[in-house]
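Numbering (UniProt numbering), first residue to last: 1 to 261.
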């Protein structure tokens, strides 16, 4: 069986499943390359409307595979840099995927897995999930995942959890902003379906442009340049085929073309 499974439903919802349950879905260089390829393919597929990221077996993911880390210890500086860049590229590909992405977290999510969760637009977790950023215990640092984890948790929380490597609960992850919703494990799938139904109501282009808007506007000062930028974006959306169809559907009290029924 492949280490990464991918399946797309008739409604355009794709599920990407980490499929190494025997090692708690720990990832290595091969898994990273496979994830990058899958994310690129799904991002370019116009039939895909949303992407779910899951783990098979008892855990979402334990982070880096021990055998992979053992191999990395024998790499030279340039090999290590290339290896780290491959992970960074996979994370960026997920973060910038032009489709809504949802992390569906169960079991444990450790180290690099917290980076995967942070790169997704929405994260839902079972109430029994444990998170941890464990890198310092191995004499390492959570470098490639840091931009995304800091954006999700905030710098203050990272100053604790990067340094202590202690576990924190799904409820604490929710309080800090890493997780959007925590539910009992037995209704996790129902919560996912409810969220997906909301995402599928949005126009595909509008969803992609909204994701890009957040990345490119967050943290910028509200000056004349930003006002011109945002005004240009909404003007383009209004003039687009999707924008015209969406407004027409609303005024005519019918679903837009991307939402049959």
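Backbone N, C-alpha and C fix where the C-beta goes; we use that ideal spot for every residue, glycine too.
Quick one: which unbroken alpha helix (DSSP H) runs of 4-plus residues sit fully inside the segment 76–115? Chain order, please. Taking only runs of at least 4 residues, the alpha helix (DSSP H) segments lying wholly in the segment 76–115 are 77–95.
By the three-class DSSP mapping on this structure, what secondary structure does residue 202 have? Taking the first residue of the chain shown as position 1, residue 202 is located at position 202. Note: residue 202 maps to coil in three-state DSSP.
Okay, do the segment 17–32 and the segment 63–77 touch, 3+ Cβ pairs below 8 Å being the bar? A contact is defined here as three or more CB-CB pairs under 8 Å, and the segment 17–32 meets this definition with respect to the segment 63–77.
Three-way DSSP call (helix, strand, coil) for residue 66 in this model: Position 66 of the chain shown, counted from the first residue, corresponds to residue 66. Residue 66: helix per DSSP, three-state reduction.
Quick one: give me the first and last residue of the alpha helix (DSSP H) that residue 54 is part of. The residue labelled residue 54 in the question sits at position 54 within the chain shown. Where residue 54 is concerned, there is no enclosing alpha helix (DSSP H), although the beta strand (DSSP E) around it starts and stops at 50–55.
Given 8 Å as the limit, is there contact between the segment 90–108 and the segment 35–49, that is, 3 or more CB pairs closer than that? They touch, by the three-pair rule.
Residue 168: which of 148, 114, 206 sits nearest, CA to CA? Locating residue 168 in the chain shown gives position 168, counting from the first residue. Checked all of 148, 114, 206; the closest Cα to residue 168 is 114.
The beta strand (DSSP E) that contains residue 144, what's its start and end? Taking the chain shown and counting its residues from 1, the one referred to as residue 144 is at position 144. In the DSSP annotation of this structure, residue 144 is not part of any beta strand (DSSP E), being labelled neither H nor E.
Output needed for residue 213: all residues of its chain with C-beta closer than 7 Å, excluding positions within five of it in sequence on either side, in chain order. Locating residue 213 in the chain shown gives position 213, counting from the first residue. 233.
DSSP three-state label for residue 15, please. The residue labelled residue 15 in the question sits at position 15 within the chain shown. When secondary structure is reduced to three states using DSSP, residue 15 falls in the strand class.
Between residue 86 and residue 110, is the Cβ-Cβ spacing less than 9 Å? Here residue 86 refers to the residue found at position 86 when the chain shown is read from its first residue. Here residue 110 refers to the residue found at position 110 when the chain shown is read from its first residue. No, the pair does not count as a contact, with Cβ atoms beyond the cut-off.
Euclidean distance between Cα positions of residue 122 and residue 179: As a position in the chain shown, residue 122 is number 122, starting the count at 1. As a position in the chain shown, residue 179 is number 179, starting the count at 1. Here the C-alpha atom of residue 122 lies approximately 7 Å from the C-alpha atom of residue 179.
Based on Cα-Cα distance, which residue from 150, 124, 163 lies nearest to residue 139? What you label residue 139 is simply residue 139 of the chain shown in a count that begins at 1. From the listed residues 150, 124, 163, the smallest Cα separation to residue 139 is found for 163.
Considering only the alpha carbon of each residue, which of 246, 249, 210 lies closest to residue 230? The sequence position of residue 230 within the chain shown is 230, counting from 1. Per the Cα distances, 210.
The beta strand (DSSP E) that contains residue 5, what's its start and end? Indexing the chain shown from 1 puts residue 5 at position 5. It spans 4–8 - the beta strand (DSSP E) in which residue 5 sits, taken as one unbroken run.
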